[in-house]
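Protein chains: 2
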Amino acid sequence: MLRTHTCGELRISDVNKQVTLTGWVQRTRDKGSLLWIDLRDRYGVTQLFLEEGKSETSLINTARTLGREFVVKVEGLVAERHSKNMNIPTGEIEIKVSLLEILNSSKTPPFTIEDETDGGEDLRMKYRYLDLRRNPVRESLQLRHKMAQQTRVYLDSLNFIEVETPILIKSTPEGARDFVVPSRMNPGEFYALPQSPQTFKQLLMVSGFDRYYQIVKCFRDEDLRADRQPEFTQIDCEMSFVTQEDILKTFEGLVRHLFKAVKGIELKDVPHMSYADAMKYYGSDKPDTRFEMKFADLNDVAQGKGFGVFDDAQLVVGICAKGCATYTRKQIDELTEFVKRPQVGAKGLVYLRCEANGTFKSSIDKFFDEIELSKFAQKFNAEAGDLILILAGEKDKTRKALSELRLHVAGQLGLRDKSKFAALWVLDFPLFEWDEETKRWNAMHHPFTSPKREDIAILDTDPGNVRANAYDMVLNGTEIGGGSIRIHDRTTQQLMFSKLGFSDEEARKQFGFLMEAFEFGAPPHGGIAFGFDRLCSLFSGADSIRDFIAFPKNNAGRDTMIDTPSTISQAQLNELGIEVKKK
Amino acid sequence: MLRTHTCGELRISDVNKQVTLTGWVQRTRDKGSLLWIDLRDRYGVTQLFLEEGKSETSLINTARTLGREFVVKVEGLVAERHSKNMNIPTGEIEIKVSLLEILNSSKTPPFTIEDETDGGEDLRMKYRYLDLRRNPVRESLQLRHKMAQQTRVYLDSLNFIEVETPILIKSTPEGARDFVVPSRMNPGEFYALPQSPQTFKQLLMVSGFDRYYQIVKCFRDEDLRADRQPEFTQIDCEMSFVTQEDILKTFEGLVRHLFKAVKGIELKDVPHMSYADAMKYYGSDKPDTRFEMKFADLNDVAQGKGFGVFDDAQLVVGICAKGCATYTRKQIDELTEFVKRPQVGAKGLVYLRCEANGTFKSSIDKFFDEIELSKFAQKFNAEAGDLILILAGEKDKTRKALSELRLHVAGQLGLRDKSKFAALWVLDFPLFEWDEETKRWNAMHHPFTSPKREDIAILDTDPGNVRANAYDMVLNGTEIGGGSIRIHDRTTQQLMFSKLGFSDEEARKQFGFLMEAFEFGAPPHGGIAFGFDRLCSLFSGADSIRDFIAFPKNNAGRDTMIDTPSTISQAQLNELGIEVKKK
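Chains as they are written, first to last, in the working numbering: chain A, 335 to 917; chain B, 335 to 917.
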């Protein structure tokens, strides 16, 4: 090694050692006869010291040529500092430099390499290799490494085998759009990149692998919203001979292990909640349970009193914001504006203040007397000082809007504390969801999810109410993982495809291999996949997943650093037997 | 879990326990009133036992319907066997079955699920999920898992961070052919799949990550020879502030750790050999050093005696096959045929038998007397009973042919024992190799490899003799890994591109980001990549890498199980803005 120690390593006990360090110049302070340099590497920062008169002149002169981010090698003696910096582990010592070699120079970086940088998103992405030098970004990727390590420790300990599944697979139109790869050796034919290793992991169960996992890249060619990436990483898992309860227990264990090993946090037990309850009490299949603020249905107390908005509504539903009776008119107007935004979609907001004296102040005083309003308050066990917020309208839309309002108010109240963690299993998802556009039933999870045995009878008559053996894990209001007990026999799988509108021929062409595999002794099996990028960002309390991906793409799917995608040569196109269409 | 124990778990100490097992029916033996079933899962095989009169009739009847590979769940009592099988860990016990449930039936598999199967390669690939049930294949993938685990254990312990680099990157015509991915959001533009994460890992060094690794999928669209796969896995590593010696030490350590942890073998020290010596003494840059049989140059004793074949040759060179003087005429003819095969390319073979009585029997007796022949023998320290084999001709071709002969003879002599392991570092590779077809110099490793400092002076005048800071690790005659100390400054990198025939514009377009990165404080760095599939197969003593890949492709790049590549819909092509060319 060009160094004897890293820049994060030396302590007061190393004083008088002769050492060699390498690293980047973080900053220099030149006080005339005294010169300090902060030398940085991945492991820390160590202070270098030179003194006119004591250090050789040529050394001082070289030191004065150093710019930010120069790469240097220094030799010197470890000495105790006069003025110590107890905020950093190396803060008690400095190096009296006797030799200084510039290993590489640096142009002035386009933004400062500091925790808080002056660089904007675009600039940081173009010079990602400089952005990655900043502590917060490097620490994000170190956290990711640790998360992956600990995931493997846990799953290995339970006899899971990591198996690599192929990246060049087959395109299946079901679900999201595939990225495809033209095959040169098979002109006119294409591979596809996997949206997940779903069918392969199921085949591994058919093979008797019993317990499989993989930390694996997956690909979706979707229009990118903020924080969606065309390539993303999953912790992908599958188990044989299990009940749903076994899977919940095993992967609740994984998340608890990660919290303990990576953050030193004992996660509370992970409660179970049905999809139906999640929708009823939180208006969302991924409720944020760091705080309560549950919905209460108000139809029985709200309807029949002559207030048309309530009387005409399929659902009148509200939340109680504890201690918010002090909200001003302006604040309530702001909430009304919030719910009326097109993304939220409510028509208006009714409020009910529980005053200190036990009376109520409400926007619907005209229609409801004090006794009637007190019945509203009872639904929430509301107390003096609370503020009740009510929406009314079509059931699903109103719930969704109230869910948005709930999160918005909780945010205002500081209830969405990123250092707090609340996990939840949401169970018993519907098997199908209706697609208004194509007028057909889609699989809510995917076509390999098994229906609950007791609901198979209503598959034909009432598909919307068939529940699946499917489960999501939710952390702080974000879905971090989801899975299901799978279908493992050909008959049920065929039935499922036919319900989803596949012709026999389509089903056979796309998934014939899987249905055939089910005829050769497929065991009962199920699994789960966690979104690894998101999981890392949640652990870190970050809003964006970008800093947990070393080289992310922007919202147009571009890597601006290497400038891709880009055109390829006509020779390449010819070899592949494809043409770019003229616009 | 549907089971209380696995099929590999129960021992004599478990006798009288009530247990539930699940698994596959390996075989049934029906002796009239007695019925045995071998139940298999990933963990082992357990014998089930039923007896007419003692077991319920319905149970016996169900058991008699079981076919091979049926999936069942059984409950019963652990009992000591009458006739024990000490070859398997569960061989002392059997289960007296009290309940038998068929979880899934199985059609008769197209080949037997046994260690030695009757299925051919094509059939096994089409039904890979059944092939994976066979012990040798499953064990290969378990070995792979353990290799990956232990690779991570070792590198983690040395502060390496695993960082995922992108799969959707930029196409660069240099090197092998890229797989490309049309971008729907950027019509007419393409991503490429990485042939290796080379530039990204170098950027991570520029970022100060200091020590990086990744077990990562790479892709090459080459015409597939036996045992090449379009997607393959590398252990990819890079370090900053290192000398070549540091890298050799670190990764020799990795391989020694793997041998110790995975196979319990203490690997001998890994010797260093220059590329020049490897070519001189073995005619190969990846010599098999499990055995000696070094080349000896014979020009000085062979030439000038009137034997035209030797006199006209650039090189006369031979090997000594210990104890092979007993080879018959027929055996020597077979060796002559071997070297004359077009793949080997020699014109003929000269032999020299060292007879027991100290005389020589040779095919060139006419031109050389006993004293002259004894000088040949001295070159090898040959003893009575040895057989010397000699080729002559153009230097490089003759060495290559003799290398093939050496391996062939060693194979005949049983010197290529797959349970023995000899590793080797080959160093000081040439920086360039001449491409006869394009009449230009190519990078022997890749364009990021640094030249040896002392050879930079001859870059212009004698490029063929410039040595690189490049190294390969060779195990049993196979290259398992290779790397180099990289260029880390823009000037040298630009010079290198220009020597390789890149215009400034081409270099900038393809690798501008890297050269720019080198201007912002790039540290000295170097690295290595190991071929993981091959490494696993060598550890296992296997000839093929196929069984170390869960779902491999055939030589036409096809996965016959899922039937890919395949056509995609016109709608997909339209969305991507590409057309398939008509033939």
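Positions of the beta carbon are idealized from the N, C-alpha and C atoms, including for glycine.
Just so you know, these numbers come straight off a predicted model, no measurement behind them.
Neighbour flag for residue 284(B) against chain A, beta carbons, 8 Å: With chain B covering 335 to 917 only, the question about residue 284(B) has no answer from this structure.
Cβ shell of residue 687(B) (< 6 Å), same chain only, five flanking positions each side left out: 659, 695 and 721
Under 8 Å between C-beta atoms of residue 412(B) and residue 353(B): yes
Cβ-Cβ separation, residue 669(A) to residue 726(A) (assumed contact under 8 Å), whole Å: Going by Cβ atoms, the distance from residue 726(A) to residue 669(A) rounds to 15 Å, so no, they are not a contact pair.
Proximity winner among 551(A), 489(A) and 866(A), relative to residue 581(A) (alpha-carbon distances): 489(A)
CB of residue 378(A) within 8 Å of CB of residue 401(A), strictly: no
Contacts of residue 566(A) in chain B (Cβ-Cβ under 8 Å): The contacting residues do not exist; residue 566(A) stays about 10 Å from chain B at best.
Three-pair Cβ contact test at 8 Å for the stretch 621-630 of chain A versus the stretch 743-752 of chain A: yes
Buried or exposed by the 16-neighbour rule on C-beta atoms within 10 Å, applied to residue 502(B): buried
Residue from 899(B), 519(B), 878(B) and 438(B) with nearest C-alpha to residue 560(B): 878(B)
Residue(s) in a DSSP beta bridge with residue 430(A): 383(A) and 411(A)
Contact between the stretch 426-435 of chain B and the stretch 848-860 of chain A (3+ Cβ pairs under 8 Å): no
Residue-chain proximity (residue 497(B), chain A), Cβ-Cβ < 8 Å: yes
CB contact below 8 Å: residue 500(B) versus chain A: yes
Candidates 875(A), 703(A) and 542(A), of which the one nearest residue 640(A) by Cα: 703(A)
Under 8 Å from the C-beta of residue 440(B): neighbouring residues of chain A: 853, 854 and 855
Beta-carbon contacts of residue 393(B) that lie in its chain and below 8 Å, excluding the five residues immediately before and after: 384, 431, 432, 433 and 434
Residue range of the beta strand (DSSP E) that includes residue 687(B): 684-688
Straight-line gap, residue 864(B) to residue 808(B) (C-alpha atoms, nearest Å): 10 Å
8 Å Cβ cutoff, residue 431(A) in contact with chain B: no
C-beta neighbour in chain B for residue 535(A), strict 8 Å: no
Residues that DSSP places opposite residue 727(B) in a beta bridge: 649(B)
Every unbroken beta strand (DSSP E) inside the stretch 828-916 of chain B [3 residues or more]: 859-865 and 912-914
Chain A residues whose Cβ lies nearer than 7 Å to that of residue 836(B): By Cβ distance, chain A contributes nothing, its closest Cβ being about 14 Å from residue 836(B), past 7 Å.
Beta-bridge pairing of residue 805(A) - partner residues as DSSP gives them: 761(A) and 817(A)
Whole-Å CB distance - residue 755(B) paired with residue 599(B), under 8 Å assumed: 7 Å
Beta carbon proximity, residue 542(A) to chain B, threshold 8 Å: yes
The stretch 588-604 of chain B in contact with the stretch 897-916 of chain B per 3-pair CB rule at 8 Å: no
Minimum C-alpha distance to residue 736(B) - residue among 778(B), 382(B) and 674(B): 674(B)
Within 9 Å of chain B by C-beta, residues of the stretch 351-375 of chain A in sequence order: 356, 357, 358, 359, 374 and 375
Spatial distance of residue 606(A) from residue 504(B) (CA atoms): 45 Å
Proximity test, Cβ basis, 8 Å: residue 859(A) and chain B: no
Short Cβ contact (8 Å threshold) for residue 545(B) with residue 494(B): yes
Nearest residue (CA-CA) to residue 869(B), options 597(B), 642(B) and 638(B): 597(B)
Supposed contact pair residue 826(A) and residue 803(A) - C-beta distance, whole angstroms, cut 8 Å: Not quite, the Cβ-Cβ distance comes to about 12 Å (not below 8 Å), so this is no contact.
Residues bridged to residue 353(A) [DSSP beta-bridge criterion]: 410(A)
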